[in-house]
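Protein sequences, first through last, are from chains A and B.
Throughout the first sequence, residue numbering follows my numbering, covering 4 to 113 in sequence.
Throughout the second sequence, residue numbering follows my numbering, covering 225 to 333 in sequence.
Ideal placement from N, C-alpha and C gives every residue a C-beta, glycine not left out.
For clarity, every value in this text was computed on a predicted model and none was experimentally measured.
Note sheet for the following structure.
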Amino acid sequence: AQSVTQPDARVTVSEGASLQLRCKYSYFGTPYLFWYVQYPRQGLQLLLKYYPGDPVVQGVNGFEAEFSKSNSSFHLRKASVHWSDWAVYFCAVSYNRIFFGDGTQLVVKP
Amino acid sequence: DMKVTQMPRYLIKRMGENVLLECGQDMSHETMYWYRQDPGLGLQLIYISYDVDSNSEGDIPKGYRVSRKKREHFSLILDSAKTNQTSVYFCASSRVEQYFGPGTRLTVL
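Right, dumping it as C-alpha cells:
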C-alpha cells in the first residue's frame with residue numbers, strides 16, 4: 004500500500020544551521036513526490052515537487068529535496084535555516100490520490 | 225492567480241445544528257478534496273470529488289456528506305453536527321499537486 008513516513012515528529016535547529024527533514028515513502032513504481040509547508044493557522048503551501056527526472060529538485064526559499072529510489076526516500080534540505088522557517092513540513096506521495104505523512108514540526112532556535 | 229477559497233473562515237455551531245462549509249477554486253481543476261486537521265495531527269481525508277456529481281469517500285467520511293454541482297465549487301455538509309467534529313477543515317484542488325485553501329475553523333459546542 005502507498006504510504007509516507009516522516010520519522011521525526013519534531014526537529015530543532017539553530018538559526019543559520021543546515022537542515023534535513025526525512026521522508027520515506029512506500030510506492031510500487033515511480034512516484035510523484037511533494038513537500039508542503041504549513042505556517043501557523045494557515046493552509047498547506049507547496050514547497051517543491053518531484054516528477055520523474057533529475058533526482059534533486061529546487062523549491063522556494065532555498066529548499067531542495069533529493070529523490071532516492073534505492074532508499075525510497077525524499078529528504079528535504081536547506082543550507083541555512085531562517086527563523087521564518089519555523090513551521091510544520093509535510094511530505095506527500097501521489098498515486099490516484101495524495102498520501103501525506105504526519106508532518107515534522109521544525110523549531111528554530113535563535 | 226491560482227487560488228482556493230473557503231467560507232466561512234471561522235464558525236461556531238451548537239451540537240445538532242447543520243453546518244455548510246464552502247470551497248471554491250479558479251483553476252478549473254477536476255479533482256477537489258476535503259480534509260480535517262486536528263491539533264498537532266496531520267491531515268485526514270474526508271471526501272474526494274473527481275468532477276461534478278462524481279464523489280468518493282475518503283478515509284473518514286462518517287458524519288459528512290458533500291455536494292459538487294459546479295466544477296469550481298465543492299461543499300462539505302455536516303448534518304446534525306457533533307462536538308467531535310470540532311476541527312479545522314481544509315479544501316484542496318489538484319491536477320497533480322494539490323493547492324489548499326486557508327481553512328475553516330469549526331467549533332461545535
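For N279 (chain B), the uninterrupted beta strand (DSSP E) segment begins and ends at S278 to E281. R233 (chain B) is classed as exposed because its beta carbon has fewer than 16 other beta carbons within 10 Å across all chains shown. F70 (chain A) sits buried, since 16 or more C-beta atoms from the chains shown fall within 10 Å of its C-beta.
Under the Cβ criterion of 8 Å, Q322 (chain B) is counted among the residues facing chain A. Within the region 26-103 of chain A, the runs of beta strand (DSSP E) at least 3 residues long that lie entirely inside it are, in chain order, 27-29, 35-41, 47-53, 59-61, 67-71, 76-81, 90-98 and 100-103. Shown here, Q5 (chain A) sits in coil according to DSSP, grouped into three states, outside any helix or strand. Looking at B:V243, B:S252 and B:I284, the one whose alpha-carbon comes closest to that of Y323 (chain B) is B:S252. For R25 (chain A), none of the residues of chain B pass the 7 Å Cβ criterion, the least Cβ distance being about 15 Å.
Q108 (chain A) has its alpha-carbon roughly 9 Å from the corresponding atom of G264 (chain B). In the same chain as F37 (chain A), and ignoring 5 residues on each side of it, the C-beta atoms closer than 6 Å to its own belong to K52 and A95, in chain order. The beta carbons of A20 (chain A) and V84 (chain A) sit about 6 Å from each other, so the pair counts as a contact at 8 Å. A distance below 8 Å separates the beta carbons of G266 (chain B) and D105 (chain A). Assigned with DSSP and collapsed to three states, T107 (chain A) falls in strand. Checking the DSSP bridge columns, you'll see E246 (chain B) partnered with B:M231 and B:S299.
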